[in-house]
Amino acid sequence: MPYGWQKKGHRLGLPARIATKRINLLGLLSLDNQLTVYHSEKALTGAFVVDCLADFVTKAHAKPVVIVLDNGPIHRCQAVYGQQSGWEEKDVYLFFLPAYSPHLNLIELVWKSLKYRWLKKADYKSWAYLKKAIFAIIRGFGQEYKIDFSEVANRNIIKINSA
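Residue 43 in the UniProt record's numbering is what sits at position 43 of the sequence shown, and the numbering runs on without skipping anything.
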């Protein structure tokens, strides 16, 4: 905690977690706000990304699909590159964003909203509460939890035009 108040002579204590747990999410977001999420409590690897994308590719797609990836090492590894031509044969293409451009990756807005808008303080009571809340938000994305991307795009265009 960077800053806080306490009465003189009283100690202020905060519970600290000794063994930290984490949940890692890999998400695919369509232009019509359909969210597909894969999760792991282990560190994400290129093999995990390949498994997730391979699962996604097996699902029916009416049109060719372009998957936008950032430049994270798990996206730019040999395991992913090794599958790329096979996915292209199934009309699924990978597009890598330029380095240092998370503002171009719309799913980053989903993760930011999940973490800072939709999760409540009470959701952090325990690991079980947190996982339950995260999965409830993911299930409710598009209905209860929404992002108006056209509004975001307009805001960014206004910033560019006024700069």
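Glycine is no exception: its CB is placed at the ideal position from the N, C-alpha and C atoms.
Phe95: member of the beta strand (DSSP E) spanning 92-96, first to last residue. In the DSSP assignment, the residues bridged to Ile67 are Leu94.
In this structure, the alpha-carbon of Ser30 lies about 24 Å from that of Glu41. Assigned with DSSP and collapsed to three states, Gly82 falls in helix.
In this structure, Gly27 keeps its C-beta atom at 9 Å or more from the C-beta atom of Val92. Less than 9 Å separates the beta-carbon of Leu25 from that of Ile134. Cβ contact annotation for Gly142 (same chain, cutoff 8 Å, sequence separation greater than five): Asn33, Gln34, Leu35, in chain order. Boundaries for Tyr38: no alpha helix (DSSP H) harbours it, while the beta strand (DSSP E) harbouring it runs 35-40, taken from the DSSP string. For Gly27, the three-state secondary structure derived from DSSP is strand. Membership of Phe56 in the alpha helix (DSSP H) is indicated by the continuous run 46-58. A contact between stretches requires three or more CB pairs, one per stretch, nearer than 8 Å, and the stretch 64-71 meets this requirement with the stretch 80-98. Relative to Trp127, the option among Ile23, Val49, Gly9 whose CA is nearest is Ile23. DSSP places Tyr145 in the strand class (E or B) of the three-state scheme. Burial state of Gly140 is exposed, judged by a 10 Å Cβ sphere holding fewer than 16 other Cβ atoms. The C-beta of Gly72 has fewer than 16 other C-beta atoms within 10 Å across all chains shown, which makes the residue exposed.
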